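>
Residue numbers (the numbering used here): 95 to 238.
(1) Within a Cβ cutoff of 7 Å, which residues of the same chain sit near residue 188, ignoring the five residues on either side of it in sequence?
(2) Let's test the definition: count the other Cβ atoms within 10 Å of the Cβ of residue 152 and tell me whether it reaches 16, buried, or not, exposed.
(3) Tell me whether residue 189 counts as near the ligand SAM, meaning its Cβ is closer than 6 Å to at least one heavy atom of that ligand.
(4) Compare the beta carbon distance of residue 199 and residue 145 with 7 Å and say whether it is the shorter of the two.
(5) Apart from the five residues just before and just after residue 95, which ones in its own chain have a Cβ nearer than 7 Å to its Cβ?
Below, the structure is given as structure tokens:
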């Protein structure tokens, strides 16, 4: 076999491998799921359910996470006014609780908002891709 023949055979094999990888999705077992399989699948129901849970957690935390704050603050003031050193420590607990609660509330809100945005963005992308595919098929008609 000459160099040119061997080179042509290697190029053809390489092209076939690239085409296979581009036209299929790795099935996790070293194989390909083949053409026509979805490369990216987003289940809108799952996104909605997770976002809904994050919103519900945010709502419950907003209401239930603040029960002890007023009484803790009042107790820390009373202890401080009574010259007890534990008053300042209790005030630190109160402040730390507020900081952590706000952080958790912000995280829940970000998760919920991001998943709502993701659902809308994926829907928009699906519509755009469908439109692009129609325009490509029209181009193919002109090229025939």
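Note that the Cβ used here is the ideal one computed from N, Cα and C, for glycine as well.
Small disclaimer: the values here were computed from a predicted structure and weren't measured.
Reading from the atomic positions:
(1) The beta carbon of residue 188 sits closer than 7 Å to those of 163, 166, 167 and 170, all from its chain and outside the five residues before and after it, given in chain order.
(2) Burial call: buried.
(3) With respect to small molecules bound, the structure shown includes none, and the ligand SAM cannot be examined in it.
(4) Not closer than 7 Å, so no.
(5) Hits under 7 Å: none found.
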